[in-house]
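Student: Going down the list, the sequences are from chains A and B. Mapping to the working numbering: the first sequence position 26 is 26, numbers consecutive. With the second sequence counted from 1, adding 183 to any position gets you the working numbering. Just so it is clear, CB atoms sit at the ideal spot from N, CA and C, and this is done for glycine as well. Note that the structure is predicted; figures quoted are calculated from it, not measured.
2 protein chains.
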Amino acid sequence: MNKKVDYPVSDIRHYLEPGPVVLVTSRWQDETDVMTLGWHTVMEFTPSLVGCIIASGNHSFELIRSSRECVINIPTADMIDTVTDIGNCSGADVDKFSRFGLHTSVAEKVRAPLLDDCFVSLECKIYDDCLIDTYNYFIFEVVKAHAAPSPKYPQTVHYTGDGQFREAGRHVSRRERFLPQNL
Amino acid sequence: MNKKVDYPVSDIRHYLEPGPVVLVTSRWQDETDVMTLGWHTVMEFTPSLVGCIIASGNHSFELIRSSRECVINIPTADMIDTVTDIGNCSGADVDKFSRFGLHTSVAEKVRAPLLDDCFVSLECKIYDDCLIDTYNYFIFEVVKAHAAPSPKYPQTVHYTGDGQFREAGRHVSRRERFLPQNL
Chain A
1 MNKKVDYPVS DIRHYLEPGP VVLVTSRWQD ETDVMTLGWH TVMEFTPSLV GCIIASGNHS
61 FELIRSSREC VINIPTADMI DTVTDIGNCS GADVDKFSRF GLHTSVAEKV RAPLLDDCFV
121 SLECKIYDDC LIDTYNYFIF EVVKAHAAPS PKYPQTVHYT GDGQFREAGR HVSRRERFLP
181 QNL
Chain B
184 MNKKVDYPVS DIRHYLEPGP VVLVTSRWQD ETDVMTLGWH TVMEFTPSLV GCIIASGNHS
244 FELIRSSREC VINIPTADMI DTVTDIGNCS GADVDKFSRF GLHTSVAEKV RAPLLDDCFV
304 SLECKIYDDC LIDTYNYFIF EVVKAHAAPS PKYPQTVHYT GDGQFREAGR HVSRRERFLP
364 QNL
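1) Please list the partners that F348 (chain B) has in chain A, where partner means a Cβ-to-Cβ separation under 8 Å.
2) Closest to V325 (chain B) by C-alpha separation, out of B:A238, B:M226, B:D268, would be which residue?
3) Can you name, in chain order, every residue of its own chain whose Cβ lies under 6 Å from the Cβ of P154 (chain A), other than the five neighbours on each side?
4) Would you say P296 (chain B) lies against chain A (beta-carbon separation less than 8 Å)?
5) Given this structure, state the Cα-to-Cα distance separating H354 (chain B) from P201 (chain B), to the nearest angstrom.
6) Would Y320 (chain B) count as contacting chain A if we go by Cβ distances under 8 Å?
7) Report yes if the CB atom of I53 (chain A) is closer than 8 Å to the CB atom of F165 (chain A), and no otherwise.
8) With C-beta atoms as the reference, is I12 (chain A) less than 8 Å away from S48 (chain A)?
9) Going by DSSP, what residues sit across from Y320 (chain B) in a beta bridge?
10) I'd like the ranges of any beta strand (DSSP E) spanning at least 3 consecutive residues and lying wholly in the segment 211-298 of chain B.
11) In chain A, what lies closer than 9 Å to Y342 (chain B) by C-beta?
12) Quick one, are the C-beta atoms of I247 (chain B) and F321 (chain B) less than 8 Å apart?
13) Residues of the segment 227-243 of chain B with a CB closer than 9 Å to any CB of chain A: list them in chain order, please.
14) Would you say F361 (chain B) lies against chain A (beta-carbon separation less than 8 Å)?
15) Examine chain B for any beta-carbon lying closer than 8 Å to the beta-carbon of W39 (chain A), and answer yes or no.
16) For a contact meaning CB atoms closer than 8 Å, what does T267 (chain B) contact in chain A?
17) Distance check for G221 (chain B) and E167 (chain A), CA to CA, integer angstroms please.
18) Can you check whether the C-beta of V42 (chain A) is within less than 8 Å of a C-beta belonging to chain B?
19) Whole angstroms is fine: what's the gap from S209 (chain B)'s alpha carbon to M1 (chain A)'s?
20) In three-state DSSP terms, what is R177 (chain A)?
21) Taking 8 Å as the CB-CB cut-off, is D312 (chain B) touching chain A?
22) Any Cβ of chain B within less than 8 Å of the Cβ of N73 (chain A)?
23) Checking contacts by CB at 8 Å: is Y185 (chain A) closer than that to chain B?
24) Would you please verify whether the beta carbon of N2 (chain A) is less than 8 Å from any beta carbon of chain B?
25) Residues in its own chain within less than 6 Å of R294 (chain B) by CB, not counting five upstream and five downstream?
26) Find out if the Cβ-Cβ distance for the pair C130 (chain A), C70 (chain A) is shorter than 8 Å.
27) Which same chain residues end up closer than 6 Å to Y15 (chain A) when comparing Cβ atoms and leaving out the 5 residues on each side of it in sequence?
28) Ignore the nearest five residues each way along the sequence and tell me which others in F228 (chain B)'s own chain have a CB closer than 6 Å to its CB.
29) Determine whether the beta carbon atoms of L183 (chain A) and D345 (chain B) lie at a separation below 8 Å.
30) With respect to the beta strand (DSSP E) encompassing L138 (chain B), which residues constitute its N-terminal and C-terminal limits?
Following this line, the structure appears as structure tokens:
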């Protein structure tokens, strides 16, 4: 994979809007965790907002709520076994970084680590916590984005429940049909 | 396409979690509209909740806010030109149903129509309006779901911005790696 470089936070829809499974890293005090997450949506360009459901039963929930930070990392299809296995054990029982041999780098604006094997890493801070208690819904601001310059359309994985995934398929442009203000 | 039949509302993640572009229909008084939407997430199984960003500049925004209802329809890749064109004109200027030759059926629990050419239609009512004013974020409950029995993994389209789409690709099972309680 190409080394990640700075990416404009206002354009993270390019990677998140297609709906890939993501790996969310977190750190609070002396604990670090990573979880698999599929329920997220872009909410705004500027500020760059992303909403995520993080069920309160996850070990990461308290780490993220307490630190008010995380990193959203996007894996590719070649990581599907790791993605699955991370989602099927708990950071309360195991050090997932050690078990799955995850390589990490230091983030710039948060304490949670970047996952080196993921082609995108989005450093996030909680922007609004008003729906955490009612829906486990976190509204994050992406404060720093890192992305590999190529491929521009990586083969992400998308979850459908019941242990079944879809890979991202063919890239299709319809740019010529768009109004300029909608691009 | 196979005729749609009843589908359990608690399992709509099967269709929505992979992140497809959707077509949202709405009706208020004597106006009916349809819009293309890419910013959505599943929020809960039971009640069956979906969160959507609907920018207030859309003609559909007031129809949905006033009626407190809509239908989320999921199109397949063969509809990509229609999906694009619906997103690049306004219901304030044109009757999109007539312009794009959209066939509709009557919904059971809402007044907005089902789109016959879409393989899934989810009848929705606003469940919580607390983030509409601040983020244009609608929390809907899916009150009735319709889905074509096959194909089970339809070729959806996913938007990446800038007029560029990805089609859904290969279906991959990792069911054997999941804990029973996570299926």
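Tutor: Answer, in terms of the structure:
1) Numbered from 1 along the second sequence, position 165 holds the residue referred to as residue 348 (chain B). Under the 8 Å cutoff, chain A gives H171, V172, S173, R174.
2) By 1-based counting over the second sequence, the position of residue 325 (chain B) is 142. Cα-wise, what sits closest to V325 (chain B) is B:M226.
3) On the first sequence, position 154 is the one that residue 154 (chain A) refers to. Within the same chain, P154 (chain A) has close Cβ partners T76, F119.
4) Counting from 1 along the second sequence, the entry for residue 296 (chain B) is found at position 113. P296 (chain B) does not count as touching chain A.
5) Looking up residue 354 (chain B) in the second sequence gives position 171. Looking up residue 201 (chain B) in the second sequence gives position 18. So the alpha carbons of these two residues sit roughly 11 Å apart.
6) In the second sequence, the residue the question calls residue 320 (chain B) occupies position 137. By this cut-off, Y320 (chain B) is an interface position.
7) Mapped onto the first sequence, residue 53 (chain A) falls at position 53. Mapped onto the first sequence, residue 165 (chain A) falls at position 165. No, Cβ-Cβ distance for I53 (chain A) and F165 (chain A) is not below 8 Å.
8) In the first sequence, the residue the question calls residue 12 (chain A) occupies position 12. In the first sequence, the residue the question calls residue 48 (chain A) occupies position 48. Taking 8 Å as the Cβ cut-off, I12 (chain A) and S48 (chain A) qualify as a contacting pair.
9) Residue numbering aside, residue 320 (chain B) sits at position 137 when the second sequence is read from its first letter. In DSSP, Y320 (chain B) forms a bridge with B:I236.
10) 214-220, 223-227, 232-236, 252-257
11) For the purposes of this step, residue 342 (chain B) is taken as the residue at position 159 of the second sequence. By Cβ distance, chain A contributes R13, E17, P18.
12) Position 64 of the second sequence, counted from the start, is the residue given in the question as residue 247 (chain B). Position 138 of the second sequence, counted from the start, is the residue given in the question as residue 321 (chain B). Yes.
13) E227, L232, G234, C235, I236
14) In the second sequence, counting from the first residue as 1, residue 361 (chain B) sits at position 178. Chain A contact via Cβ: present.
15) Numbered from 1 along the first sequence, position 39 holds the residue referred to as residue 39 (chain A). Yes, contact with chain B.
16) Counting from one through the second sequence, the residue named residue 267 (chain B) turns up at place 84. The answer, in chain order, is R174, R177, F178.
17) For the purposes of this step, residue 167 (chain A) is taken as the residue at position 167 of the first sequence. For the purposes of this step, residue 221 (chain B) is taken as the residue at position 38 of the second sequence. Their backbone Cα atoms lie some 18 Å apart in a straight line.
18) As a working mapping, residue 42 (chain A) is identified with position 42 in the first sequence. Chain B, which has a Cβ nearer than 8 Å to the Cβ of V42 (chain A), makes this yes.
19) Counting from 1 along the second sequence, the entry for residue 209 (chain B) is found at position 26. Counting from 1 along the first sequence, the entry for residue 1 (chain A) is found at position 1. Approximately 44 Å between the Cα atoms of the pair.
20) Here residue 177 (chain A) refers to the residue found at position 177 when the first sequence is read from its first residue. DSSP places R177 (chain A) in helix when its eight states are reduced to three.
21) Position 129 of the second sequence, counted from the first residue, corresponds to residue 312 (chain B). No - not a single Cβ of chain A is within 8 Å of the one on D312 (chain B).
22) Taking the first residue of the first sequence as 1, we reach residue 73 (chain A) at position 73. Judged by the 8 Å Cβ criterion, N73 (chain A) is not in contact with chain B.
23) Nothing about residue 185 (chain A) can be read from this structure; chain A reaches only from 1 to 183.
24) The count along the first sequence starts at 1 and reaches residue 2 (chain A) at position 2. Not closer than 8 Å to any Cβ of chain B, the Cβ of N2 (chain A) fails to qualify, so no.
25) Along the second sequence, one-based indexing puts residue 294 (chain B) at 111. Excluding sequence neighbours, R294 (chain B) sits near R210.
26) Position 130 of the first sequence, counting from 1, holds the residue named residue 130 (chain A). Position 70 of the first sequence, counting from 1, holds the residue named residue 70 (chain A). Going by C-beta atoms, C130 (chain A) is not nearer than 8 Å to C70 (chain A).
27) Reading the first sequence from its first residue, position 15 is the one you call residue 15 (chain A). Around Y15 (chain A): I74, V120.
28) In the second sequence, counting from the first residue as 1, residue 228 (chain B) sits at position 45. For F228 (chain B), where only same-chain residues beyond five positions count, the Cβ hits under 6 Å are S193.
29) Translated into positions along the first sequence, residue 183 (chain A) becomes position 183. Translated into positions along the second sequence, residue 345 (chain B) becomes position 162. Closer than 8 Å, so yes.
30) Given that chain B is displayed from residue 184 to residue 366, the structure contains no residue 138 (chain B) and the question cannot be resolved.
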